[in-house]
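Working notes, structure below.
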Amino acid sequence: MADLVNPQNTIAVLKKYQFNFQKKFGQNFLIDGRVLEKIIRASGVSKDDFVLEIGPGIGTMTQGLCECAREVAAVEIDKNLIPILADTLQAYDNVEVIHGDILKVDVESLARRKNGGKPIKVVANLPYYITTPIVMGLLESRAPIGSVTIMVQKEVAERMQAGPGGKEYGALSLAVQYYAKPQVIAHVPPNCFLPRPKVGSAAIRLDCHETPPVQAKDESLMFRIIRASFNQRRKTLVNGLGNAAGLPFGKAQVAEALEGMGLDARVRGEALTLAQFARLSDALSGQKP
Ligand code: SAM
0 MADLVNPQNT IAVLKKYQFN FQKKFGQNFL IDGRVLEKII RASGVSKDDF
50 VLEIGPGIGT MTQGLCECAR EVAAVEIDKN LIPILADTLQ AYDNVEVIHG
100 DILKVDVESL ARRKNGGKPI KVVANLPYYI TTPIVMGLLE SRAPIGSVTI
150 MVQKEVAERM QAGPGGKEYG ALSLAVQYYA KPQVIAHVPP NCFLPRPKVG
200 SAAIRLDCHE TPPVQAKDES LMFRIIRASF NQRRKTLVNG LGNAAGLPFG
250 KAQVAEALEG MGLDARVRGE ALTLAQFARL SDALSGQKP
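With numbering that gives the first Met the number 0 applied, the sequence shown has no gaps in its numbers, which climb one by one up to 288 at the end.
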């Protein structure tokens with residue numbers, strides 16, 4: 000595997016280009032080879048794969064991906080990193096560096112152009128300040144994505160993977176699990192990055208479902224119900240959803256829908272599975288506001 004991940008080599012590259020870290024871009028570069036290897040192995044990337052990397056930084060993970068994948072596209076927002084990447088990736092002819100904001104990239108057309116529309120793999124050490132918009136943007140897009148293997152803040156990984164009942168379980172868990180099956184790969188301490196982030200990190204792999212595991216008649220209503228249920232998570236669903244802003248249902252209607260599902264009227268959102276939220280949404284959508 001390429002050795003840019005070695006801390007001395009990273010520091011040498013940063014010095015050579017007098018690179019200044021930009022806090023606003025969430026720049027914490029990986030300097031631990033074992034963690035890098037674990038992520039790439041867990042991503043399952045092989046010579047058949049086209050990989051989209053988000054935020055290559057100085058190219059540490061990109062080098063590893065270039066060695067394992069057929070082709071890599073790496074989207075980097077910081078223009079100061081573009082000449083550095085031209086240097087650190089010069090040995091590879093299977094990489095395209097795209098200067099831009101990942102939130103504005105049309106991933107579907109990228110997958111069409113680079114992979115004939117077949118499922119691509121996304122691998123990244125994400126900038127933590129926009130983790131949720133990036134992940135939800137990818138999952139909700141119509142782009143063919145097989146899996147997303149990413150480094151995120153530890154608490155975010157735990158929330159993505161959480162099931163009903165725990166305090167980590169919430170709208171993010173349900174949104175992610177509607178589109179993918181999450182699995183935490185490794186917990187990663189701050190000393191594996193330069194500079195060290197103030198928070199712990201975790202690598203997580205999301206295997207995208209071909210079709211969602213539940214079907215709600217009105218997907219958008221289901222997600223509005225989910226969000227409202229966790230907005231005030233200590234409230235019962237009857238109190239939290241009845242008369243909630245943006246939802247047209249009264250408390251009696253929510254109580255009736257829950258009763259029809261055999262659930263206690265005092266139940267809270269944190270006790271419901273994704274399948275139960277889909278049923279609740281269907282029961283409420285059938286009611287007249
Ligand atoms: N992949 C590198 C590594 O592991 O060492 C760098 C990871 S660093 C946590 C996040 C990277 O994402 C930085 O290079 C940062 O400039 C880039 N970035 C931040 N916001 C971005 C955006 N909206 N679009 C694309 N890249 C972004």
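A virtual CB, placed ideally from N, CA and C, is assigned to each residue, including glycine. Because the structure is a prediction, the values reported are computed rather than measured.
In the three-state reduction of the DSSP assignment, L88 falls in the coil class, being assigned neither a helical nor a strand state.
In the displayed model, T235 falls within coil according to three-state DSSP, outside both helix and strand. In the structure shown, N93 falls within a coil segment according to DSSP collapsed to helix, strand and coil. The beta-bridge partner set that DSSP reports for V71 consists of V50, V94. Using a 10 angstroms sphere on the CB of A244, the tally of other CB atoms stays under 16, which defines it as exposed. Per the C-alpha coordinates, the member of F49, V151, N27 positioned closest to I133 is V151. When the five nearest sequence neighbours on each side are left out, the beta carbons in the same chain lying within less than 8 Å of the beta carbon of A85 are those of V96, in order along the chain. Proximity of the beta carbon of M159 to the ligand SAM is not indicated: no heavy atom of the ligand is located closer than 7 Å.
Here Y168 is buried: its Cβ has 16 or more other Cβ atoms, across all protein chains shown, within 10 Å.
Non-local C-beta neighbours of S228 in its own chain, meaning closer than 7 Å and more than five positions away in sequence, comprise L236, G239, L240, G268, ordered along the chain. A179 has its alpha-carbon roughly 16 Å from the corresponding atom of T130.
Partner residues in a beta bridge of L138, as assigned by DSSP, do not exist. Judged by their CB atoms, L273 and P181 are not nearer to each other than the 8 Å cut-off. Taking 3 residues as the minimum length, the beta strand (DSSP E) runs contained wholly in the segment 171-209 are 179-187, 200-207, in order along the chain. When only Cα atoms are considered, I39 and G63 end up about 7 Å apart. Between the segment 72-83 and the segment 135-145 there are fewer than three inter-stretch CB-CB distances shorter than 8 Å, so the stretches are not counted as touching.
Assigned with DSSP and collapsed to three states, S146 falls in strand.
Under DSSP, the beta-bridge partners assigned to A123 are I53, I149.
Relative to the ligand SAM, the beta carbon of P126 is positioned inside 7 Å of a heavy atom. The three-state reading of DSSP puts F248 in coil, since its state is none of H, G, I, E or B. In the DSSP assignment, L29 is bridged to F192.
Taking all protein chains in view, the Cβ of L102 is surrounded by fewer than 16 other Cβ atoms within 10 Å, so the residue is classified as exposed. Across the structure, C67 and T61 are spaced so that their CA atoms are roughly 10 Å apart.
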